[in-house]
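Student:
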Amino acid sequence: MSAPCNTSNECYGKLLCRDGTCQCEAYLYWDGSNCYNKKTWRQTCGSSNECVELLQCSDSTCQCRETDFWNGDKCVSKKVVFESCAFREECKDPMHCYRQRCQCFSSDYWNGSSCSLRKTINSKCTTHLECSETLQCNLNKCQCSNNDYWNEIYCTKKKSVTMSCKIENECQEGLRCFENACRCHTTKYLNDNACLTKKDLHTDCESSVECKDTLRCSEGTCRCDESEFWNGTACIQKRRKDESCFSTNECKENFQCAKERCICKDTHYWDGFECSLRKSIIVSCNESMECADSLYCKDSLCGCKDIEKDSGTKCLESMECQETLYCARDICQCPATDFWNGSLCVLKTSLNGTCNSSIECDETLQCKDNRCVCCDTDYWDGKYCVERKGYNSSCSTHSECMKEYMCSDNRCDCPDTAYWNGQTCVQPTECEDFQSGVSGVYTVWPIGSPTHVNVYCVMKGGDKWTVIQRRHSGNVDFYKDWYQYKSGFGNVKSDHWIGNDNIHFVSSDGAHELRVELEDWNGQTAYAEYSTFSVGDESSKYVLTVSGYSGTAGDSLNHHNGYTFQTKDLNTGYASTCQGAWWYQDSCAYSNLNGKRTSNSWGSYRHRQRSQPTSMTWYHWKSQYIGLRESMMMIRRKYQKH
Numbered sequence: 001m002s003a004p005c006n007t008s009n010e011c012y013g014k015l016l017c018r019d020g021t022c023q024c025e026a027y028l029y030w031d032g033s034n035c036y037n038k039k040t041w042r043q044t045c046g047s048s049n050e051c052v053e054l055l056q057c058s059d060s061t062c063q064c065r066e067t068d069f070w071n072g073d074k075c076v077s078k079k080v081v082f083e084s085c086a087f088r089e090e091c092k093d094p095m096h097c098y099r100q101r102c103q104c105f106s107s108d109y110w111n112g113s114s115c116s117l118r119k120t121i122n123s124k125c126t127t128h129l130e131c132s133e134t135l136q137c138n139l140n141k142c143q144c145s146n147n148d149y150w151n152e153i154y155c156t157k158k159k160s161v162t163m164s165c166k167i168e169n170e171c172q173e174g175l176r177c178f179e180n181a182c183r184c185h186t187t188k189y190l191n192d193n194a195c196l197t198k199k200d201l202h203t204d205c206e207s208s209v210e211c212k213d214t215l216r217c218s219e220g221t222c223r224c225d226e227s228e229f230w231n232g233t234a235c236i237q238k239r240r241k242d243e244s245c246f247s248t249n250e251c252k253e254n255f256q257c258a259k260e261r262c263i264c265k266d267t268h269y270w271d272g273f274e275c276s277l278r279k280s281i282i283v284s285c286n287e288s289m290e291c292a293d294s295l296y297c298k299d300s301l302c303g304c305k306d307i308e309k310d311s312g313t314k315c316l317e318s319m320e321c322q323e324t325l326y327c328a329r330d331i332c333q334c335p336a337t338d339f340w341n342g343s344l345c346v347l348k349t350s351l352n353g354t355c356n357s358s359i360e361c362d363e364t365l366q367c368k369d370n371r372c373v374c375c376d377t378d379y380w381d382g383k384y385c386v387e388r389k390g391y392n393s394s395c396s397t398h399s400e401c402m403k404e405y406m407c408s409d410n411r412c413d414c415p416d417t418a419y420w421n422g423q424t425c426v427q428p429t430e431c432e433d434f435q436s437g438v439s440g441v442y443t444v445w446p447i448g449s450p451t452h453v454n455v456y457c458v459m460k461g462g463d464k465w466t467v468i469q470r471r472h473s474g475n476v477d478f479y480k481d482w483y484q485y486k487s488g489f490g491n492v493k494s495d496h497w498i499g500n501d502n503i504h505f506v507s508s509d510g511a512h513e514l515r516v517e518l519e520d521w522n523g524q525t526a527y528a529e530y531s532t533f534s535v536g537d538e539s540s541k542y543v544l545t546v547s548g549y550s551g552t553a554g555d556s557l558n559h560h561n562g563y564t565f566q567t568k569d570l571n572t573g574y575a576s577t578c579q580g581a582w583w584y585q586d587s588c589a590y591s592n593l594n595g596k597r598t599s600n601s602w603g604s605y606r607h608r609q610r611s612q613p614t615s616m617t618w619y620h621w622k623s624q625y626i627g628l629r630e631s632m633m634m635i636r637r638k639y640q641k642h
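So the sequence shown is numbered by UniProt numbering: it starts at 1 and just counts up by one.
In structure tokens form, the structure reads like this:
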């Protein structure tokens, strides 16, 4: 073997003379003494040299490589996911042959290139297939369904009432885990293995357990005890003397609610402990308030009054004054809660009551447009007019805050259409100015814009993006003229362009970044981000400034940097050829997201030189002009205001 030769006759046995040396034929191997036929699949061997082509010697037998399998004739590449198969050995590891298809095991999922172990509870995900059995992908996390809970191994059905539990999450919705059992919440009661909402005031009942807490079932109706009243949510003790009230029903027996205070009824007086009935004539007394109307206390007896003095008349004691007046500082006058109407003292008017002058109104109120109201800088706190509160002050209603604020989460805050810039409330100029974390349509007032504009805000965690372009449904034609691209068109909830003027107003500070999200017709996605992005005004023909690429889609926009915007009717360099509107270079170049929404492909850059691509494209994603299905362009500030 390998001896020098001129002809095959000089070589031993089955050796042939090739290239000046004695060698075995390609289908033979040298065993040290002669040439023998190479061995086929599963035949014993000492080295891979003894095996036929594509086989290798492993564990002393000729075998296919790990990436191949024996099809009965030769080694061929193992099959990928969903390809037809007959045996497990035909599929790439770690797949198996199930229902004549190469598939991942039930504990795995296909991630696009291989089988990966399915994810456990709370792992990030995009589809249900990524999650372990019994889990589902909800809000990009592997979670149990609403009807199940995680038992540290898998999701299992939530427990019904009276079943044992350790934590509340194990119980069905509406139940709580109390004393190691699933029970009704305190606002409900158990009836035939079902939790029913406890009943309100004046609702029919059979037992007190059916009534809301503090109510009791009396005479077949949920009601308060006689010593209590219903405040709208619970039964509480009736009010005593001088305690605040809104109606007489809230006050104890023989009291009435006047001026939002519990006082004795007109027929009673306060004896220091309770309201007692006023005394009739010739009954012993200590002061006139103990006597019935038209009587006064004289010589320790209730008797008739003498001629009564008018308001403003000098006096020594109140019994000298006309009814409703009393003697104070030696003058007959009305109590502080009343005013003199010319003939008697009348209770001053409370908030929103009718009036002719401010003297008729309660303390701190003023008469305006014949109504007793607080002045514009004050609000009614239930008793008095007090000064309205400033930014971030605690509140419970809008009226407590200065007029430019609203009460939100118990704090005086800017209205929904504005945000706090550290000194005052200003209207938002883009999505980052909103405190909300929910994606949707918002109204902004871009700096320099003569009017507001509706935009779609994408809120992703702490990131807040203003969408300037979206291609999604294909129901909007993007081959439009200069004016339409200047002003904007489409539906901001779906396919739209917000307008070059608006893009300029938002990005003109030079401190914005751009994110482009793409999806092809196979559902694959990619993105590109640019740390610098702005668009000039109309006089510059909306010139593009963009740089600082990062992402997965490749840099297909930087080639358009410094170029002006083109439409089919203005600056028509390539807008007509490319069937869109864009910052075209010397051709359709490398991106054309406002082109036709089609799956057509124009191949590589070399092929493009023969025929310009007219579809939505982003060349550097796949180094081909492939038509895209969806795109979204959105911008945000590099540094947040707050």
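No residue lacks a Cβ here, since even glycine has one placed at the ideal position from N, Cα and C. Given the structure is predicted, the values throughout are model-derived calculations rather than measurements.
Measure the C-alpha to C-alpha separation of Glu274 and Cys224 and round it to an integer number of angstroms.
Tutor: Rounded to the nearest angstrom, the two C-alpha atoms are 22 angstroms apart.
Student: For Thr233 and Thr397, I'd like the C-alpha separation in whole angstroms.
Tutor: Near 19 angstroms, if we compare the C-alpha coordinates of Thr397 and Thr233.
Student: Sorted by chain position, which residues of the same chain lie with C-beta nearer than 8 angstroms to Arg610's C-beta, five sequence neighbours on each side aside?
Tutor: Any reading at Arg610 must be qualified, since the residue scores a pLDDT of 46, below 50, and its modelled position is unreliable; the value itself is stated next. Excluding positions up to five away in sequence, the list is empty.
Student: Return the chain-ordered list of same chain residues with a C-beta closer than 7 angstroms to the C-beta of Ser280, the five sequence neighbours on each side being excluded.
Tutor: Within the same chain, Ser280 has close Cβ partners Ala292 and Cys302.
Student: Give me the Cα-Cα distance between Cys64 and Glu130, rounded to the nearest whole angstrom.
Tutor: Spanning the two alpha carbons is a distance of roughly 32 angstroms.
Student: Could you tell me the distance, in whole angstroms, from the CA atom of residue 662 to the CA atom of Val535?
Tutor: The structure shown does not extend to residue 662, since the chain is modelled only from 1 to 642, so the question has no answer here.
Student: By DSSP, does Arg606 sit in helix, in strand, or in coil?
Tutor: Legend: pLDDT at Arg606 = 49, less than 50; position of this residue unreliable, value from coordinates given subsequently. Helix, per DSSP.
Student: DSSP three-state label for Ala194, please.
Tutor: The answer is strand: DSSP assigns Ala194 an E or B state.
Student: Tell whether a beta-carbon distance below 8 angstroms holds between Ser311 and Trp270.
Tutor: No, these two residues do not count as a Cβ contact at 8 angstroms.
Student: Take Arg18 and list the residues in its own chain whose beta-carbon comes closer than 7 angstroms to its own, dropping the five residues that flank it on each side.
Tutor: Result list for Arg18: empty, nothing under 7 angstroms.
Student: Applying the criterion that 16 or more other CB atoms from any shown protein chain within 10 Å of the CB defines a buried residue, is Glu320 buried or exposed?
Tutor: Buried is the call here.
Student: Going by alpha carbons, who is nearest to Thr424 out of Trp445, Ser439, Met402 and Ser599?
Tutor: It is Met402.
Student: Can you say whether Asn147 is buried or exposed, counting buried as having 16 or more other CB atoms within 10 angstroms of its CB?
Tutor: With fewer than 16 other Cβ atoms within 10 Å, it is exposed.
Student: Work out the CA separation of Met633 and Glu400 for me, nearest whole Å.
Tutor: One C-alpha to the other measures close to 42 angstroms.
Student: Nearest-angstrom Cα distance between Asn600 and Leu135?
Tutor: When rounded, the distance between both Cα atoms is 39 angstroms.
Student: Spatial neighbours of Glu83 within its chain, please: CB distance less than 6 angstroms, with the 5 preceding and 5 following residues excluded, ordered by chain position.
Tutor: Cβ neighbours of Glu83 beyond the five flanking positions: Cys102.
Student: Less than 7 angstroms between C-beta atoms, sequence neighbours within five positions excluded: which residues of the same chain meet that for Leu215?
Tutor: Result list for Leu215: Leu201, Cys222, Arg223, Cys224 and Cys235, in chain order.
Student: What is the DSSP secondary structure of Thr248, counted as helix, strand or coil?
Tutor: Helix, per DSSP.
Student: From Cys144 to Cys137, what distance separates their C-alpha atoms?
Tutor: Distance between the alpha carbons of Cys144 and Cys137: 8 angstroms.
Student: To the nearest whole angstrom, what separates the beta carbons of Tyr485 and Ala581, a pair I think is in contact under 8 angstroms?
Tutor: So it is a contact: roughly 5 angstroms between Cβ atoms.
Student: Would you mind sorting Cys5 into buried or exposed? The rule is 16 or more other CB atoms within 10 Å of its CB.
Tutor: When all chains shown are included, Cys5 counts as buried.
Student: Would you kindly work out how many angstroms separate the C-alpha atoms of Glu66 and Leu175, rounded to a whole number?
Tutor: Distance between the alpha carbons of Glu66 and Leu175: 55 angstroms.
Student: Could you check where the alpha helix (DSSP H) with Phe82 kicks off and where it finishes?
Tutor: Careful: Phe82 lies outside any alpha helix (DSSP H) and carries neither H nor E.
Student: Does the separation of the CB atoms of Lys14 and Cys35 fall below 8 angstroms?
Tutor: Yes. Within cutoff.
Student: Leaving out the 5 sequence neighbours to the left and right, which residues in its chain are closer than 7 angstroms to Lys124 when beta-carbon positions are compared?
Tutor: Result list for Lys124: Asn140 and Lys141, in chain order.
Student: Could you give the distance in angstroms between the alpha-carbon of Leu196 and the alpha-carbon of Tyr391?
Tutor: Their backbone Cα atoms lie some 43 angstroms apart in a straight line.
Student: Identify, in the order they occur along the chain, each residue of the same chain with its Cβ nearer than 8 angstroms to the Cβ of Ser540, setting aside the five sequence neighbours on each side.
Tutor: Hits under 8 angstroms: Thr564.
Student: Could you give the distance in angstroms between the alpha-carbon of Trp621 and the alpha-carbon of Ser556?
Tutor: Between Trp621 and Ser556, the C-alpha separation is close to 8 angstroms.
Student: Between Pro94 and Gln56, what straight-line distance do the alpha-carbon atoms span, to the nearest angstrom?
Tutor: Computed Cα separation, rounded: 21 angstroms.
Student: What number of angstroms, rounded off, separates the C-alpha of His268 from the C-alpha of Ser276?
Tutor: Whole-angstrom Cα-Cα distance: 5 angstroms.
Student: From Ala528, Trp70, Ser576 and Cys97, pick the residue whose C-alpha is nearest to that of residue 668; which is it?
Tutor: The requested residue 668 does not occur in the structure, where the chain is confined to residues 1 to 642.
Student: Could you tell me which of Ile635, Arg637, Thr614 and Arg636 sits nearest to Leu628, measuring between CA atoms?
Tutor: Of the candidates Ile635, Arg637, Thr614 and Arg636, the one whose C-alpha sits nearest the C-alpha of Leu628 is Thr614.
Student: Would His512 be called buried (16 or more neighbouring beta carbons within 10 Å of its own) or exposed?
Tutor: His512 comes out buried.
Student: Can you say whether Cys431 is buried or exposed, counting buried as having 16 or more other CB atoms within 10 angstroms of its CB?
Tutor: Counting Cβ neighbours within 10 Å, Cys431 comes out buried, since at least 16 surround it.
Student: For Asn592 versus Phe478, is the C-beta spacing smaller than 8 angstroms?
Tutor: No.
Student: Would you grab the beta carbon distance between Asp378 and Val386 for me? Rounded to a whole angstrom, and I think it's under 8 angstroms.
Tutor: That pair is a contact at about 6 angstroms.
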